[in-house]
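Okay, so the first sequence: first residue is 1 according to UniProt numbering, each after it adds one. This report concerns only the one structure given below.
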Amino acid sequence: MSKYHFNEIEAKWQKHWAKNHTFKAENLSEKPKYYVLDMFPYPSGAGLHVGHPLGYIASDVYARFKRHQGFNVLHPMGYDSFGLPAEQYAIQTGQHPAETTKVNIEGGVDKNGNEIEGYRKQLDRIGFSFDWSREVRTSNPEYYKWTQWIFLQLFESWYDKDSDKARSIEELRSIFSSEGNIHINAACDEGIAHFTASEWLEFSEIQKQEILLKYRLTYLAETEVNWCAQLGTVLANDEIVNGVSERGGYPVIRKKMKQWSMRITAYAQRLLDGLDKIDWPQPLKDSQTNWIGRSKGAIVEFKVLPPAPSKGRGDVNVSTDSKGRGAESAGYLTGNSAIIGTLLSRAKEMRKNPTKAESILWNELRTKKVGYKFRQQHPIDNYIVDFVCLSKRLIIEVDGEIHQYQLEKDGERELLLKEKKGFKILRFTNNEVINNLQKVVSKIESTLKVLPTGEDLGGDFLEHLEQVSIPPLGARGTIPVFTTRPDTIFGVSFMVLAPEHDLVSKITTSEQKEAVENYVEATAKRSERERMADVKTITGVFTGAYAEHPFTGDSLPVWIGDYVLAGYGTGAVMSVPCGDQRDYDFAKHFKIPIPNIFKDADISEEAYSDKENTTITNSDFLNDLSYSAATEKIIAAFEEKGVGEGKINYRLRDAVFSRQRYWGEPFPIYYKDGMPHAIPTECLPLRLPDVEKYLPTEEGEPPLGRAEKWHWDERTREVVSPPLEGSGEDIFPLELNTMPGWAGSSWYFFRYMESGKTESDSKRDEVFASKEALNYWKNVDLYIGGSEHATGHLLYSRFWVKFMHDRGFAPVEEPFKKLINQGMILGESAFVYRVTLASGNVKEDNSETIEILKKIPNFFISYNILREKGQVQNGLLSTISLRNKLLSIIREQSRDVSEDFLSQLVPFINDLHVDVSLVNIHNELDIEAFRNSREEYKEAIFISEKGIEINNNNEKYIVSREVEKMSKSKYNVVNPDDICEQYGADTLRLYEMFLGPLEQAKPWNTAGITGVHGFLKKLWKLYHSGPDESFYVTDSPPSEGQGEDLKTLHKTIKKTQEDIENFSFNTSVSSFMIAVNELTAQKCNSKDVLEPLAILISPYAPHIAEELWRKLGHSESISTAPFPKFEEKYLVESSKEYPISFNGKMRFTLELPLDLNKDEIETAVMAHEKTAQYLEGRTPKKVIIVPGKIVNIVG
RNA sequence: GCUCGAGUGGCGGAAUUGGUAGACGCGCUGGAUUCAAAAUCCAGUGUUUUAGGACGUGCGGGUUCGAUUCCCGCCUCGAGUACCA
């Protein structure tokens, strides 16, 4: 006697597989390779729900199938274990993220005493065929050593556009030394000045480093970043959803900060082209294509005209460099020119309102009392410092009452001032200044003595800026714009700059200055979300400046407006109101002329943006040309005139790579003379230091600023404490930022290729993966995961792999050959309907009424009563009878509530999520369990389907159901452990596959699981048809003569193989059910049928298959048994049940031999009595016969 | 707004190249077994009907002997994206 004891069987085989390393992949194998990978999971503390393993089950089925087909399969698993949740948890509890991460993976007890199962155990219970010997965790130093190594390779590389690949910085240095940068065609920062070889050789090392930084593939630069104050960090574009942070949903603002960036834009075209070579879902490719956003057009420069004499004092000549940056040559102009207007007004105000300590100290510092010139409230870069001595590069800050503008301190501030701009910072508290002024002054004086002296070119900052803001002459100033419609250039009637544009402060006339500055400031304050929320409001300000049309010579007013984005193209547009709706709306709003340059186009209501059926007119030499002809002609004209050229523009921006957080890879970078330097690769990993708190420092530095030892000693090559004053010329501060989550996940698939550390042949300590391993496994053959990674992980890893390929570290250019997005499994939330009786006189609510209300119990009303009678209107229970019913229940219970009060009560109804574990498959609520779930429900009264109070077991309370995302907060989470416990892992695996197509989102319904569970029981029975359900399989040939069971088997082989290859897992589960139903009916017990059947089912239900395999007499695991071979001969039929249709409607079927030809079929059909019946005497006009398929009679 | 995807019984979903719509499972109904329940087994189950049929794959057209499948227009839902010049 033997029942299907799935718990025993599953535990037994899971142990067996682990012990025998059944699924270990070999790096040296005769077999062809196949690499199946799941997207890297983040090990969260919440554990798995049934939605998580869906993709893993699918990939496991495929991996097991490939093993049966004779492939050497690599199917690894590991953890993307750096990340925000562990760090947020660390901030709350003080626990080291490494510890919580370990518990989340391996299990244990968390700080609140909660038992945590751990990811690994949960995964093991489902019977995956992972090769755990190759596991990786991104937060292990052994792993992130190589993440840092790859970062340094990017740092030591530049992108050569001519050979279209990344090359080493050493090669760039040697090109510079031999020919300067004139012939270099690189992906680099804009506006790098040209230099010759001899000039290069003359440069100081710092200057050289500064220039090289502009070419490196990862570089440090001032960029507009997405700053999230609540998370205390910057975010990448893909980490922002609808203008708020993806994690936590906090607001995000645009901000300029010095950050590490990755020059992914260098790869824009290759990332686009590569999409054609990979087998990915079209929507995913589309979203990458959109994200890269290639558009073809032209770049044109418009000259800025000198202001008209009447309009101002246009005689101050300030030189501008190619980026339009003026004034920066003066040593005291240390503020960031882009936001100087804002800084300026803040500085002014702060000078007017000094704190007590500030004014005391200023008295001691002003007019060179200490021997050096100090400045008060002075802008440096993006900040305003309290006092600064520029010649000594000494900043003095007084802490305490903080100016309100400085409340939003940020992590970069001190780092930037101290380590990148080379300032020394002295910090005093208000108390020290007020109570111990003498000590403070002498500290300042002694510090001044030791510091080297630089220059402070006189003049006052504020006064100077007054002058600078007078518009410079436009002789060298131009506004470059990008346009996809260069053919419409004669329709330009104005220009618009982004408010953040560098030129804004340069060209604004004094008349317009105030309006412009107000506008710029207002725009900067608006969050991205606000800007998105109202795209309809048209705003903008005229700068007072004019630009010259390159062909007509017309003066075009230059505006600023926030519909122009600083980050796209050049941050400026030539506005063609007749052809672009946004320009049209802007022109209409500000009453700017709208010239029409399209023949026969009506632009009275809206812009005419059609390209294809367009004829250009009013456009000089472009008249009567089509869009394409005009475009070609005008670009030639641009080039001839030297005002522009054809250009391809991408929406893709360089990816910000710094995070002001603790739990990430440290950058292997230290700062010397303000320039970043790489730590020698031999010294990696640079380990994450311990800190006593995971928050930013008081100065707003990232958490790493709290580490005691976080300086690099060049001489001893180790991490050391900061140098003492006057010593340690070899000791430099290390970078305080850490890398983002996508750093570790951009290359992990390569790490799996190398054998695990415990293997004798492992080279994991020497290389990120050995050449042999990389060349054998190449890339991932099948990658399964969610579509949420479309523009993050999947784009960044493609970028890194292309880079690694360029530099010869990887043999392939694309990481993932085939990719499948599994759909989400949704939860079926359950709702109960609670009626609360509240006093109708809400305003008179007082503690007395509240006391009385407390005596009134909660009512819960069964769903169908409400549904059927439509009793809910705006949250109010509308039926009086029901209300009276509730009141009478209260009276019956003789609660101490006056009749008068009762009559005032108004019932409110709301639906509440109820834990799905308290509801059975018939949607009946377990009332007792529900009462016990919360104190406030203890006395609740339930109204049944029949509308009466429930006080026995015959009455039912029915909940309503709704499909929602599965989440703890919705109480609809189904835990796979529970399913395994109750039905077994094989049932879980089958059911997840059976639910529906892998790619589709589908609701989980635990009730349906009995179907597949019943199937497994039937399967087991099929092999146990002996006396007392003993194992019974015979060697006798399959049901002699009939061959019905072989037909069933081969039909199933064919279907299963086709289905797996098409990733149509749900239909193959159906075909197993059909097979087992048929074989059971046939009373099949033949080994020739049942043995192959076990292999067919093994990828889906490996435990039961392994057990049956053992019972069939095999000592080896079923996992590598060859997949049964399909043989057509068993499916050959001799006759066909023909559907006979009349005018396309099937009326009856007729069994006929398959070897009949058309004429014979027609004769047979026409002779049939039913045919005559359906024809009702008519003569058929036509008889369509498709032999083997159908017969259709028309007439 | 734009891009992509999807609409089939009470539910999850099948249907290969245009050829018997609703496979398989859940649920439901009836029956067997049982003291009873669970489990198991058997039968039925798109709607409608005057029991012959009629109608049925989001809606309206079209192509075809024949359309869930192909074409045109529309509606609804979901996902991505967000002024990209």
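We put the CB at the ideal spot given by N, CA and C, even for glycine. The structure displayed is predicted, hence computed values, not measured ones.
Contact between P486 and I597 does not hold, since their C-beta atoms are separated by about 12 Å, which reaches or exceeds 8 Å. Cβ neighbours of S1141 within its own chain (closer than 8 Å, five residues either side excluded): R1147, I1190, V1191, N1192 and I1193. In this structure the segment 131-145 touches the segment 756-769; the number of beta carbon pairs closer than 8 Å is three or more. Rounded to whole angstroms, the gap between the alpha carbons of K66 and T1010 is 29 Å.
Beta-carbon to beta-carbon, E754 and S762 are separated by about 7 Å, close enough to satisfy the 8 Å threshold.
With a 10 Å radius around the Cβ and a threshold of 16 neighbouring Cβ atoms, N72 comes out buried.
Bridge partners of R254 according to DSSP: N226. Contact annotation, L704 with V720: C-beta distance approximately 15 Å; criterion of less than 8 Å not satisfied. CA-to-CA, the gap between G127 and N821 works out to about 22 Å. Selection G249, L782 and A197 evaluated against F1063 yields L782 as nearest (Cα-Cα). Exposed is the label assigned to P1122, since fewer than 16 other Cβ atoms lie within 10 Å of its Cβ. Ranked by how close their Cα comes to the Cα of V963, the residues R934, A1101 and M824 have M824 in first place. Taken in chain order, the complete beta strand (DSSP E) segments of 3 or more residues contained in the segment 484-564 are 494-497, 541-548 and 555-560. A buried status is given to G792, since no fewer than 16 other beta-carbon atoms sit within 10 Å of its beta-carbon.
By the beta-carbon neighbour count (other beta carbons within 10 angstroms, threshold 16), R687 is exposed.
I169 is positioned such that its CB atom lies closer than 9 Å to that of L212. Per DSSP, F799 is one residue of the alpha helix (DSSP H) stretching across H793 to D806. For the 9 Å CB-CB criterion, W742 and A236 form a contact.
DSSP, reduced to helix, strand and coil, places Y4 outside both helices and strands of the structure shown, so it counts as coil.
In the structure shown, K285 falls within a helical segment according to DSSP collapsed to helix, strand and coil.
Setting aside the 5 residues that flank it on each side, T478 is surrounded in the same chain by E301, F302, K303 and V304, each with a C-beta closer than 7 Å to its C-beta; the list follows chain order. Apart from sequence neighbours up to five positions away, the residues of its chain that approach A810 with a beta-carbon distance below 7 Å are F750, L774, V801 and M804, ordered along the chain.
R294 has its alpha-carbon roughly 17 Å from the corresponding atom of T631. Exposed is the label assigned to Q438, since fewer than 16 other Cβ atoms lie within 10 Å of its Cβ. In terms of Cα proximity to S797, the closest of W260, E87 and Q288 is Q288. In the three-state scheme derived from DSSP, where H, G and I count as helix and E and B as strand, R125 is classed as coil. Burial state of I850 is exposed, judged by a 10 Å Cβ sphere holding fewer than 16 other Cβ atoms. Looking at the backbone, the Cα of G107 and that of G113 are separated by about 12 Å.
About 47 Å separates the CB atoms of R661 and E30; that is not less than 8 Å, and the two are not in contact. By the Cβ neighbour-count rule, G1113 is exposed, with fewer than 16 other Cβ atoms within 10 Å of its own. Residue state for S745 is assigned as helix, using DSSP reduced to three classes.
Inter-residue distance for P668 and T218 is about 12 Å (C-alpha atoms, whole angstroms).
Contact annotation, L1016 with Y4: C-beta distance approximately 7 Å; criterion of less than 8 Å satisfied. The residues K303 and L305, in chain order, have a CB closer than 6 Å to that of E548 in the same chain once the five nearest residues on each side in sequence are set aside. If one requires a minimum length of 4 residues, the alpha helix (DSSP H) runs lying completely within the segment 712-756 are 742-745 and 748-751, in chain order.
Looking at the DSSP output, H913 sits in a beta bridge with F831.
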